[in-house]
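One structure below.
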Amino acid sequence: QLPLYIAQALIGEQRYEEAIGEFRAILADDPGNMTYLNQLASLFSQTEQPDSALAIYEQMRATGELGPQELYNIGVGYYQLEDYVGAADAFGEAATVSVNDRDAIEMQARSMRLAYPPGEDAPEPPEGVLEELAEVAQRWTDLDPANRNAYLILAQTDTRIGRNQEASDLVQRIEELPFVVNNLTLRRSSTGAAVSGSVMNQSADAGSSATLRFTFYDRAGGVLGSEEVMIVLPEAESSEFFEVEFEAGQEVSGYGYAVVN
Numbered sequence: 195q196l197p198l199y200i201a202q203a204l205i206g207e208q209r210y211e212e213a214i215g216e217f218r219a220i221l222a223d224d225p226g227n228m229t230y231l232n233q234l235a236s237l238f239s240q241t242e243q244p245d246s247a248l249a250i251y252e253q254m255r256a257t258g259e260l261g262p263q264e265l266y267n268i269g270v271g272y273y274q275l276e277d278y279v280g281a282a283d284a285f286g287e288a289a290t291v292s293v294n295d296r297d298a299i300e301m302q303a304r305s306m307r308l309a310y311p312p313g314e315d316a317p318e319p320p321e322g323v324l325e326e327l328a329e330v331a332q333r334w335t336d337l338d339p340a341n342r343n344a345y346l347i348l349a350q351t352d353t354r355i356g357r358n359q360e361a362s363d364l365v366q367r368i369e370e371l372p373f374v375v376n377n378l379t380l381r382r383s384s385t386g387a388a389v390s391g392s393v394m395n396q397s398a399d400a401g402s403s404a405t406l407r408f409t410f411y412d413r414a415g416g417v418l419g420s421e422e423v424m425i426v427l428p429e430a431e432s433s434e435f436f437e438v439e440f441e442a443g444q445e446v447s448g449y450g451y452a453v454v455n
């Protein structure tokens with residue numbers, strides 16, 4: 195489509211206002227195209243028009259027909275605009291549509307943490323919010339059991355709720371992790387998925403190995419299969435990148451892993 199090529203070329207030249215005009219024209223003929231709406235919202239963000247961007251995100255969410263990736267992208271849009279309540283809601287919707295969407299669950303927890311930060315000067319969270327954040331953070335640790343940040347958010351939230359022993363146990367668990375997993379990202383395809391991330395050695399011997407078994411799920415949480423990846427650990431405080439691919443013959447909507455050794 196020539197108008198789309200023109201719009202993309204304008205973006206490449208950083209002529210964002212002109213690109214906005216092109217996308218408006220494209221959407222006049224295809225008003226329900228979520229990809230184009232998301233691109234237009236992103237352009238509004240880049241040109242410091244947050245109200246226009248937020249209006250598009252609300253328009254997209256109001257359709258009630260979005261998949262987990264579309265909801266995740268909307269959450270990212272809210273997050274970049276520092277609307278952390280809106281981001282948490284969008285990521286939460288994604289994690290409802292796809293119950294084991296680890297990436298959406300992580301970002302829901304992070305967004306809630308930023309929306310309702312601790313501290314004497316911070317506003318008091320609405321009733322039930324901290325309990326909800328603890329539940330979300332627990333879901334994150336269940337799918338991502340070697341992620342230090344997940345445990346930290348859960349421990350901090352438990353402390354705010356008054357679950358001091360649970361928080362203390364979580365801090366000890368963090369200290370005992372021989373390695374931590376960071377920067378996990380799911381890339382979906384029509385027939386499977388790939389997960390990339392990194393492992394940072396905390397206290398294990400350099401040259402020892404860590405094996406992670408990744409399990410992949412459909413939207414309802416049904417198991418599609420699993421793949422293992424072995425990482426040779428580098429020196430302490432250093433990280434090693436990894437990637438694992440999975441062919442399912444269908445869309446993968448969620449994932450998690452277990453530490454095998």
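If you want this note's numbering, it's the position in the sequence shown, counting the first as 1, plus 194.
Each residue gets a CB set at the ideal place from its N, CA and C atoms; glycine is no exception.
Quick one: what's Phe-440 bridged to in DSSP?
Ala-387
Compute the Euclidean distance between the alpha carbons of Gly-443 and Pro-317, then round it to the nearest angstrom.
48 Å
Hey, Val-330 and Ala-303 are a contact pair by Cβ (cut 8 Å); roughly how many whole angstroms apart?
5 Å
Tyr-273: buried (16+ other C-beta within 10 angstroms of its C-beta) or exposed?
buried
Assuming Met-229 and Tyr-210 make a contact with CB atoms under 8 Å, what is their CB distance in whole Å?
In the sequence as presented, Met is not what sits at residue 229; that position holds Thr. About 18 Å separates the two Cβ atoms, so there is no contact after all.
Would you mind stating whether Asn-376 and Ala-430 have Cβ atoms separated by less than 8 Å?
no
Enumerated in chain order, which unbroken segments of the alpha helix (DSSP H) with a length of 4 residues or greater are wholly contained in the stretch 221 to 253?
228 to 240
Using only the alpha-carbon positions, how far apart do Ser-447 and Thr-290 sit?
11 Å
Within 8 Å of any Cβ in chain C, is that where the Cβ of Val-454 sits?
In summary, chain C is missing from the structure at hand, where a single protein chain is found.
Could you check where the alpha helix (DSSP H) with Tyr-345 kicks off and where it finishes?
342 to 355
Beta-bridge pairing of Leu-406 - partner residues as DSSP gives them:
Val-423 and Val-453
So, are the CB atoms of Phe-410 and Ile-425 less than 8 Å apart?
no
Consult DSSP for Leu-198 and reduce its assignment to one of helix, strand or coil.
helix
From Gly-271 to Glu-300, what does the alpha carbon distance come to, in whole angstroms?
15 Å
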